[in-house]
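Let me begin by presenting the structure, written as structure tokens, before commenting on it.
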Amino acid sequence: MARIDSITLTPFEVPLASPFRIATMTNHSANGVFISITAGGKTGWGECLPFHAINGENQATVMASLRTLAPAIHGEDSRDLRRLIELCESILPAQTTAISGMDMALHDLAAQRAGLPLYRFLGGTKRELPTDLTIRILPPKEAAAKAKKIIDQGHEAIKIKLGDSPMNDAERVATIREVAEDAILRVDANQAYDRLTALHLLESIADFDIQFCEQPVKRHDYQGLAFLHQNSTVPVMADESCFSPSDAFALLSHNCCNLINVKLCKSGGVLRAQEIASITQAAFGRCMMGGMAETRLGVTAAAHVASSHSAFHFFDLDAHQGHKEDVIDGGIQTVRGSVVLPEKAGLGARPKQEFLDRFETETLA
Ligand SMILES: [Mg+2]
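Residue 65 in our numbering sits at position 65 of the sequence shown, with consecutive numbering throughout.
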């Protein structure tokens, strides 16, 4: 038995180096919650990083959710991974960010107990994880300067946020392509457009060799996504439209897309992210592993999952890059554009103690 004998919750804030503007919101800091779960003398760590405009959760709702979930799993056998995650889902099915932190900490514990890095515990193989870096909505000149910097750092892919206006978007993409001739360019509209505007915009940038466009239409506009999947020369990828394995199944079986962006805070953690990957692979599609504005802890968990499943072909593991401060010990490193996983058992990462000490920690013991 490895009973869960202590759970801690630490709400935290990390300022961003500059405001991050996308179609749906502008962020100035990353406000999340770190969770630790202790069982059998080992401690697993998890992170919840909510993005309210995307999943309706914020730091306050995540704290309230975790205060509801923690007593339900306290005292339970931490080895019952799936049962405990299903228990959390049965209590608060829509609070995927909150559940993702619980799931992450439980997986960290399980992999530590097995003495394996998480990606190996999940059946994965060490692989190359070339990540893009994202350019937020910026004036064309600034966007081009940022693109040059990204190429100089050794990244082969650039992700460009859209959603300003179709004209500005097209101009920004053209300016970036001029300075990044050989780069892989991906774009992400974050639900900004209706299907016809999106089609015109995608046709106007298709000549710039765009790998795919994430979420051109509203989250629930499955028909719009299907229309673009059938009519646009730029492939479309579902992001906000796909939270759960059931979402992935519906999108793929209704021919709305064959590309899915998986994020732990949308899927509710590692377990369901792997299920989405398997469903996508079974439907002959491909996945990207992405994130919101997580610290290096959350991005490390995402990188372990990305390494664990061959459905992942694209990597958007740059969530922490805009943070003013690195608040994590251990974890991934980004070397010449590729993410390198730690080889320690479990996640191989945890929040720095001196960072945690700056905030109030709640303990359920
Ligand atoms: Mg996206």
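Note that CB positions come from ideal geometry on N, CA and C, so glycine has one too. Remember, it's a predicted structure, so these values are computed and weren't measured experimentally.
Let me know the secondary structure DSSP gives residue i once reduced to three states.
i    : result
E275 : helix
P11  : strand
Q215 : coil
G298 : helix
G330 : strand
I85  : helix
L347 : coil
G32  : strand
H313 : strand
M1   : coil
G44  : strand
N231 : helix
D247 : helix
M63  : helix
S6   : strand
K159 : strand
I91  : helix
H52  : helix
I151 : helix
I22  : coil
P71  : helix
T38  : strand
A17  : strand
H304 : helix
H254 : coil
P130 : strand
C323 : Looking at the sequence itself, residue 323 is His, so the reference to Cys does not match. It is a strand residue.
Cβ atoms of residue j and residue i: under 7 Å apart, would you say?
i    : j    : result
A349 : G322 : no
G124 : S244 : no
E128 : S338 : yes
L341 : A303 : yes
A238 : T280 : no
A105 : I35  : yes
Q59  : P11  : yes
G269 : S90  : no
C256 : A226 : yes
L81  : A114 : no
K450 : R186 : A question about residue 450 goes unanswered here, because the residues of the chain that appear run from 1 up to 365.
G285 : Q112 : no
G163 : R195 : no
M289 : F315 : yes
T131 : D318 : yes
D208 : P235 : Per the sequence presented here, residue 208 reads as Phe, with Asp not at that position. No, the pair does not count as a contact, with Cβ atoms beyond the cut-off.
M102 : L69  : yes
G41  : D108 : no
A53  : M25  : yes
A2   : R120 : no
V179 : A143 : no
P166 : L138 : no
L420 : I7   : Residue numbering for the chain in the displayed model covers 1 to 365; residue 420 lies beyond these limits and cannot be assessed.
Between residue i and chain C, is the shortest Cβ-Cβ distance under 7 Å, so that the two count as touching?
i  : result
M1 : The structure shown has no chain C; it contains just one protein chain.
Which whole-angstrom value describes the C-beta separation of residue i and residue j, a residue pair presumed to lie in contact below a C-beta threshold of 8 Å?
i    : j    : result
A198 : T233 : Not quite, the Cβ-Cβ distance comes to about 13 Å (not below 8 Å), so this is no contact.
Q215 : D188 : 7 Å
A98  : V62  : 5 Å
L84  : K324 : Actually they do not touch by this definition, with Cβ atoms about 35 Å apart.
N55  : K266 : 6 Å
E362 : L9   : 5 Å
V33  : L66  : 6 Å
I328 : K352 : 7 Å
Y222 : S241 : 7 Å
Could you check where the alpha helix (DSSP H) with residue i kicks off and where it finishes?
i    : result
I205 : 195–205
S441 : No answer is possible for residue 441: the residues shown for the chain start at 1 and end at 365.
D239 : D239 -> no alpha helix (DSSP H), and no H or E assigned at all.
L118 : 118–121
T175 : 166–179
Along the beta strand (DSSP E) that carries residue i, what are the first and last residues, could you check?
i    : result
S338 : 338–340
V262 : 259–262
L356 : Not the beta strand (DSSP E): L356 falls in the alpha helix (DSSP H), residues 353–356.
I184 : 184–188
E362 : 362–364
C287 : 286–289
I135 : 133–135
Whether or not the segment 168–176 and the segment 268–286 are in contact is what I'm after, with contact meaning three or more pairs of Cβ atoms, one per stretch, closer than 8 Å; do they touch? no
Per the contact definition of three or more C-beta pairs closer than 8 Å, is the segment 41–51 in contact with the segment 287–302? yes
Taking three-plus beta-carbon pairs below 8 Å as touching, is the segment 62–73 in contact with the segment 15–30? no
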